[in-house]
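J.: In the working numbering, the protein residues as written are 643 to 774. Glycine included, every Cβ here is placed at the ideal spot set by N, Cα and C.
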Amino acid sequence: MHGEEAEMNKKIWGAFYGQVIGDALGVTCEFMNVERTTARIAAVREKAGRKNADSILPMIGCEEREVKAGQFTDDTEMALSLARSLIAKKDFDKVDVACAYSFWLCATQPTDSGMTTQNALRADIFYDPGTV
């Protein structure tokens, strides 16, 4: 792999790692409004002894959702499903992606998938993917 291809590969991996790390870091404040997020981050920094706003925010997970520190969520699971499909098909195949998402939901029975995700993946459209 040389030149532009190697550079593109770095960008793809960087985006993917950023998504996974951001998901594991952000689960602490997921679904919170700005005020609650600000208060939560301040409390996390205080507890970790990192009062400086420039300090690194530790991954602490989310006890309310039973997500452990460093654990990622359904967002990353779906990104992994999309990545597997893209690699296998070497292109975006909407039917394969729909099947990958449905397989993930049914086979792994995730504990943290949201209602919107569950409702979308159980919609009638998945019984006839050709209608997408």
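Near T759, which residues of its chain fall below 8 Å by C-beta distance, leaving aside the five closest residues on each side in sequence?
T.: In the sequence shown, the residue the question calls residue 759 occupies position 117. Excluding positions up to five away in sequence, the list reads D716, M720, L747.
J.: What are the boundary residues of the alpha helix (DSSP H) that D738 is part of?
T.: Walking along the sequence shown from the start, residue 738 turns up at place 96. Segment 736-750, the alpha helix (DSSP H) holding D738.
J.: Is the beta carbon of M701 closer than 8 Å to that of A685?
T.: In the sequence shown, residue 685 corresponds to position 43, counting from 1. In the sequence shown, residue 701 corresponds to position 59, counting from 1. Contact flag unset, no.
J.: Going along the chain, which residues of its own chain have a beta-carbon closer than 7 Å to the beta-carbon of D665, five neighbours each way excluded?
T.: Within the sequence shown, numbered from 1, the residue matching residue 665 stands at position 23. Here the set comprises F714, T715, D717, T718.
J.: In or out: A740 buried (at least 16 other Cβ within 10 Å) or exposed?
T.: Taking the sequence shown and counting its residues from 1, the one referred to as residue 740 is at position 98. So A740 counts as buried.
J.: Less than 8 Å between C-beta atoms, sequence neighbours within five positions excluded: which residues of the same chain meet that for F778?
T.: Any property of residue 778 remains undetermined from this structure, which presents the chain solely from 643 to 774.
J.: Let's test the definition: count the other Cβ atoms within 10 Å of the Cβ of A742 and tell me whether it reaches 16, buried, or not, exposed.
T.: For this step, residue 742 is matched to residue 100 along the sequence shown. That one is buried.
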